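Scroll down for the structure; my scribbles are underneath it.
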Amino acid sequence: MTSLAVSDHQAETATPAKVIQPVWVRMVHWINAVAMILMIMSGWQIYNASPLFGFSFSSNITLGGWLGGALLWHFAAMWLLMVNGLIYLALGFATGRFRRKLLPITPAGVISDTRAALTFKLSHDDLSKYNSVQKLLYTGIIVVGVVIVLSGLSMWKPVQLHWLVSLFGGYDIARYVHFTCMALIVAFLVIHVALALLVPKSLRAMIIGR
Amino acid sequence: MGRLRKLLIPGVDKKLLVRDAVKTMPELTRRRFITAGTSLGALTLLTGCDVVDSSSAEELLKKVSKFNDAVQAWMFNPDALAPTFPESMITKPFPFNAYYGLDEAPEIAGADWKLEVRGLVDNKKSWTLDELYKLPQVKQVTRHICVEGWSAIGSWTGTPLRDFLKLVGADTHAKYVWFQCADKDGYNSPLDMRTALHPQTQMTFKFGDEILPRAYGFPMKIRVPTKLGFKNPKYVLSMEVTNDYKGGYWEDQGYNSFSGS
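Line order of the protein sequences matches chains S and Z. 0 is the number of the first residue of the first sequence in numbering that gives the first Met the number 0; add one for each residue after it. 0 is the number of the first residue of the second sequence in numbering that gives the first Met the number 0; add one for each residue after it.
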């Protein structure tokens, strides 16, 4: 920027790097992050009112203070999650991003990339291309996201949407499905954040795009 | 925030000022204020933002809840029936549930009790239990879903509320039927008219073919299978047909008012 006499190497880095994450992806990603955390933390408080298993969530990590407050948060953040999620799905299909980035997923690719990842031999040189483990996890979490919304809707409107409840095999089963999806999302979140910190340039790409 | 800053007097400790202000609030407001404070504390930790104006967040959540009332009213199909179940699926024992213990449940003498009918109705006569028992009754085996998340299947028998509303000449274009009950601390709850006219909304006199026991709301409960359990009044004393939103025991504390299933 300051010198006109730049070497070839410098010239290469000075040209604008290609955009890895387009602006719409970054926007829906961070809106989704906020919505998901609000949904999970208020959901834990709602869970505590009638636990499915022999444990409750500590009030230090729940949102809403009591059941009524948590429900207000949950049923407000659900709009953010759903509208943002629908925009993501629509643009993901319309722009061809899903097809381009997430497909194909082959069992052989997943096995070899998992092995490479566990021995720290997986390459992250080109962040615009997802490896097979990423493809599987990102596709999987989109499916889980759709299922958690559908099971949530069926619990919210078990009479108006009784066909949806039947699809899950009944109201009580829908509760377990909803909880299981939450657990999968939290597990994904732990791995996702850990890996983003291990490969900081991927985090940078999700913030500034490059 | 700017508005708040203007109100602060230099030299006055902000924390002490807030503590004094909180002390002047009535008990219920105080509890809700603190509750919202806790949740905002969690949010502050989460985002690193300085969210101090907790009352504005609470106002926003209340507005979204009102919006959700409208969405649910729009989704409500007056002809969609709650699923019914075979008697073999009835939950035994059916849980007693209230904001008080069973020993504190109202004990009502059926012979002295009368259902008061008020508001936008032609006939404001009060009804004795014997008179109500003579009305045609139907049975339903439906799922009771609690706001807490658990559910239980029960068998309820009684008179469809819409038949009774017709009988007393109620203005069915009014917005609400508002119930007042004998529970301690005065439980009451508004029911939107479209739900009141739903074919399965019932003035219930029997549970499992037996006269409604004290635990489930003797002498009369309102069974609304298209609403969450807290909007199914028990120990009913009066019903009022009205265009005014008169609030409710749980609704005033923050549960969503429509709370439809």
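Note that CB positions come from ideal geometry on N, CA and C, so glycine has one too. In this text, all values refer to a predicted model and were calculated from it rather than measured experimentally.
Terminal residues of the beta strand (DSSP E) in which residue i lies
i	result
Asn-187 of chain Z	187–191
Leu-141 of chain Z	The identity of residue 141 of chain Z in the sequence shown is Thr, whereas the question assumes Leu. Counting along the chain, the beta strand (DSSP E) containing Thr-141 of chain Z begins and ends at 137–144.
Ile-221 of chain Z	220–222
Thr-235 of chain Z	Note that residue 235 of chain Z is Val in the sequence shown here, rather than Thr. That run of the beta strand (DSSP E) goes 235–241.
Lys-205 of chain Z	201–206
Contacts of residue i in chain Z (Cβ-Cβ under 7 Å)
i	result
Pro-157 of chain S	Ile-144, Ser-260
Ala-75 of chain S	Leu-60, Val-63
Gly-67 of chain S	Gln-252, Gly-253, Tyr-254
Ile-45 of chain S	Gly-148
For residue i, the first and last residue of its enclosing alpha helix (DSSP H)
i	result
Tyr-175 of chain S	170–197
Leu-117 of chain S	106–117
Gly-228 of chain Z	Here Gly-228 of chain Z belongs to no alpha helix (DSSP H), and DSSP marks it neither H nor E.
Phe-74 of chain S	66–93
Leu-134 of chain Z	Here Leu-134 of chain Z belongs to no alpha helix (DSSP H), and DSSP marks it neither H nor E.
Gln-44 of chain S	22–48
Met-88 of chain Z	Element bounds for Met-88 of chain Z: n/a, residue is neither H nor E.
Lys-17 of chain S	Neither: Lys-17 of chain S is in no alpha helix (DSSP H) and is coded neither H nor E.
Gly-151 of chain S	131–155
Phe-161 of chain S	One point to set straight first is that residue 161 of chain S is His, not Phe, in the sequence displayed. Note, His-161 of chain S: alpha helix (DSSP H), 161–167.
Phe-95 of chain Z	Counting along the chain, Phe-95 of chain Z falls outside any alpha helix (DSSP H), and DSSP gives it neither H nor E.
Lys-100 of chain S	96–101
Cβ-Cβ separation, residue j to residue i (assumed contact under 8 Å), whole Å
i	j	result
His-73 of chain S	Ile-45 of chain S	6 Å
Leu-160 of chain Z	Ala-195 of chain Z	6 Å
Met-154 of chain S	Ala-173 of chain S	5 Å
Gly-153 of chain Z	Thr-90 of chain Z	7 Å
Arg-117 of chain Z	Ser-237 of chain Z	6 Å
Tyr-186 of chain Z	Tyr-248 of chain Z	4 Å
Ala-286 of chain Z	Leu-119 of chain Z	Examination of residue 286 of chain Z is not possible in this model, given that chain Z is present from 0 through 260 alone.
Tyr-234 of chain Z	Ile-144 of chain Z	That pair is no contact at about 21 Å.
Gln-139 of chain Z	Pro-224 of chain Z	7 Å
Phe-206 of chain Z	Trp-126 of chain Z	Incorrect: roughly 20 Å between the Cβ atoms, too far for contact.
Ala-116 of chain S	Val-132 of chain S	6 Å
Residue i - DSSP class collapsed to helix/strand/coil
i	result
Arg-30 of chain Z	Note on Arg-30 of chain Z: pLDDT 46, under 50, position unreliable in the model; the coordinate value appears next. DSSP places Arg-30 of chain Z in helix when its eight states are reduced to three.
Glu-147 of chain Z	coil
Gly-100 of chain Z	coil
Tyr-175 of chain Z	strand
Ala-56 of chain Z	helix
Asp-251 of chain Z	helix
Phe-56 of chain S	coil
Trp-155 of chain Z	strand
Ala-169 of chain Z	strand
Trp-112 of chain Z	coil
Glu-213 of chain Z	This sequence places Arg at residue 213 of chain Z; Glu is not what is there. Correct three-state label for Arg-213 of chain Z: helix.
Ile-206 of chain S	helix
Thr-61 of chain S	coil
Ser-258 of chain Z	coil
Val-120 of chain Z	strand
Partners in chain Z for residue i, counting only beta-carbon separations shorter than 8 Å
i	result
Leu-166 of chain S	Within 8 Å Cβ-Cβ: nothing; Leu-166 of chain S doesn't reach chain Z, min ~13 Å.
Arg-174 of chain S	Gly-148
Gly-42 of chain S	By Cβ distance, chain Z contributes nothing, its closest Cβ being about 10 Å from Gly-42 of chain S, past 8 Å.
Ala-48 of chain S	Val-146, Glu-147, Gly-148
Tyr-170 of chain S	Arg-142, Ile-144, Ser-150
Listed by chain order, chain S residues near residue i by CB distance under 9 Å
i	result
Pro-224 of chain Z	Val-158
Ala-79 of chain Z	Val-158, Gln-159, His-161
Partner residues on chain Z for residue i, Cβ-Cβ distance less than 9 Å
i	result
His-28 of chain S	Residues of chain Z passing the Cβ test: none, with the nearest at roughly 16 Å.
8 Å Cβ cut-off: residues of chain S touching residue i
i	result
Phe-75 of chain Z	Gln-159
Asn-255 of chain Z	Leu-70, Leu-71, Phe-74
Asn-187 of chain Z	Result: empty, since nearest Cβ-Cβ is about 17 Å, beyond 8 Å.
Listed by chain order, chain S residues near residue i by CB distance under 7 Å
i	result
Pro-82 of chain Z	His-161
Asn-67 of chain Z	Phe-74
Contact test: residue i Cβ vs the ligand GDP heavy atom, cutoff 7 Å
i	result
Thr-158 of chain Z	Only the bare structure without any ligand can be found here, which leaves the ligand GDP out of the picture.
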